[in-house]
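Using our numbering, the first residue of the sequence shown is number 100, and each one after it goes up by one. Scroll down for the structure; my scribbles are underneath it.
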Amino acid sequence: MFQATPLKRSRVARLAWTQVFKRSPLSWRALASVPAGRNPKGTALFALAWLARWRTVQSEEAKAEARALLDNLLAAQIKTPGGATCWGYNFDWQGRAFFAPRGTPTVVPTAFAARALVEAARAFGDERYLQAARGACEFILRDLNRSEETADEVCFSYSPLDRTRVFNASLLAAETLASVGTLTNEDELKAVAQRAANYVVRRQRADGSWAYGAAEFQTWADNFHTAFVLTSLARIIAAGVDDAGELEKSLRRGYGFWREGFFLADGWPKYYHDRQFPADAHAASAAIVCLTELQEIDERALALADKIARWSVRHLRDPRGFFYYQRRRFYTVRTPYMRWAQAWMLYALARLLEVSSKQ
């Protein structure tokens, strides 16, 4: 419906339309004729969940589900004119900083696709997965803008269309480079990842937090973007970059701020550190994933992950089996968003079960 109106050309209208859907206790998707579609990032998250399940139980069902999702992910890849591999959203996306039309390749879905493909290459030894992940590195290196660059720092843009400096997005690019470089024995990829990680950790605030980005209108810090930063940092360090000392110190400081500021005693995941509401399924699940990566720096990490998972099942799960989007102060948004809530929660719970089974 929105696409059929002149409002689709207005930045303010696009932002307002998104907020109406996000905040309304009722789902307007059917009334607004929002079409069903397959989101590549959601596909990647479901694939990551089934890969975790396969590593846990080694069942043919888990293997078949993972491979089917990976095939869908490969089918959705975008090839740039230069031959790089990337992914984008299946809808127009309006952020605060720029507009990305449907199908525009961006770093976030590309990085999560690459994470799934790297894990699949390790699990199944299929060269197709590693080749596609290596193609994502070419997208990062050749097609993303480098908004700031020095001899030992670099910041990658969100997409080829912008020059934003979003810390979690640039660090996801770095994670892709480091993870692929480890499998392909390309130290040059890991060296660029090191520079991108340096850029982010050197812009950590005194209290241990990170702003969302470097611009004056990007100064907020929230739960799940902080979790993205911590998870990517942990994975970059694990990939064996040359100079991990500064990264490890930053990771510990950031983790301390995040753990102390974003969770209540019962596992309630706060969206922002300075207010209780809303409690968000995405924040809960990204936190669980993050905590499964950080056991080496905090022996209490899995206990907190378990507490968040149990809180989420009690307070965000519908009796019909899906997870609500958000619990707000006076009402709950029960819309079962597939990528935002279901895919993330399946990934989180599968990872928690995998890691817990090894204890």
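By construction, the Cβ of each residue, glycine as well, lies at the ideal position given by its N, Cα and C atoms.
Taking the C-alpha atoms as reference points, what is the distance between residue i and residue j?
i: F255; j: P418; result: 42 Å
i: E345; j: E395; result: 17 Å
i: E285; j: A220; result: 16 Å
i: S246; j: E218; result: 30 Å
i: C236; j: A183; result: 8 Å
i: L106; j: S455; result: Annotation note: pLDDT 49 at L106 (below 50); position unreliable, no value reported.
i: P139; j: R201; result: 12 Å
i: L144; j: H414; result: 22 Å
i: A313; j: W149; result: 35 Å
i: I407; j: Q157; result: 26 Å
i: G469; j: W439; result: Any answer about residue 469 is impossible in this case: the structure gives the chain only from 100 up to 458.
i: Y257; j: E159; result: 37 Å
i: L147; j: R154; result: 11 Å
i: F101; j: G136; result: Bear in mind that a pLDDT of 46 at F101, under 50, signals an unreliable position, so the number given afterwards is only what the model happens to contain. Roughly 16 Å between the two C-alpha positions.
i: R358; j: E453; result: 22 Å
i: K348; j: D225; result: 36 Å
i: R262; j: A175; result: 25 Å
i: R351; j: L288; result: 25 Å
i: Q458; j: A250; result: 42 Å
i: P204; j: D342; result: 31 Å
i: G187; j: L172; result: 11 Å
i: R241; j: Y370; result: 34 Å
Helix, strand or coil: which one does DSSP assign to residue i?
i: L285; result: The sequence shown places Glu at residue 285, rather than the Leu named in the question. Three-state DSSP puts E285 in coil, outside helix and strand.
i: K178; result: strand
i: P377; result: strand
i: S411; result: helix
i: S258; result: coil
i: L441; result: Checking the sequence, you will find Gln at residue 441 rather than Leu. Three-state result, Q441: helix.
i: S308; result: coil
i: V340; result: coil
i: S349; result: helix
i: Y228; result: helix
i: Y298; result: helix
i: Q425; result: strand
i: Y370; result: strand
i: F316; result: coil
i: A220; result: helix
i: T330; result: helix
i: F101; result: Unreliable positioning characterises F101 in this predicted model, as indicated by a pLDDT of 46, which lies under 50. The coordinate reading is nonetheless provided below. Correct three-state label for F101: helix.
i: R416; result: strand
i: P435; result: coil
i: E247; result: strand
i: D405; result: helix
Contact check, residue i vs residue j under 8 Å by CB: the rounded distance?
i: Q317; j: A326; result: Between A326 and Q317 the Cβ distance is about 17 Å, and since that is not below 8 Å, they are no contact.
i: A410; j: W367; result: It should be pointed out that residue 410 corresponds to Trp in this sequence rather than to Ala. With a Cβ gap of about 6 Å, W410 and W367 count as contacting.
i: A273; j: A290; result: The pair is not a contact, with the Cβ atoms about 11 Å apart (cut-off 8 Å).
i: I177; j: V206; result: Actually they are not in contact, since the Cβ atoms of I177 and V206 sit about 13 Å apart, beyond 8 Å.
One question on the structure: do residue i and residue j come within less than 9 Å of each other, judged by their Cβ atoms?
i: L451; j: A404; result: yes
i: A215; j: V253; result: no
i: A213; j: L260; result: no
i: A442; j: G141; result: yes
i: F356; j: D306; result: yes
i: H381; j: F323; result: yes
i: A329; j: L393; result: Per the sequence shown, the amino acid found at residue 329 is Leu instead of Ala. Result yes, Cβ atoms of L329 and L393 sit closer than 9 Å.
i: A232; j: L282; result: yes
Q.
Check whether the region 326-338 and the region 276-287 are in contact - that is, three or more C-beta pairs closer than 8 Å.
A. yes
(Q) Within 8 Å, do at least three Cβ pairs link the region 431-442 to the region 387-396? (A) no
Q. So, do the region 397-406 and the region 318-337 have three or more beta carbon pairs nearer to each other than 8 Å?
A. no
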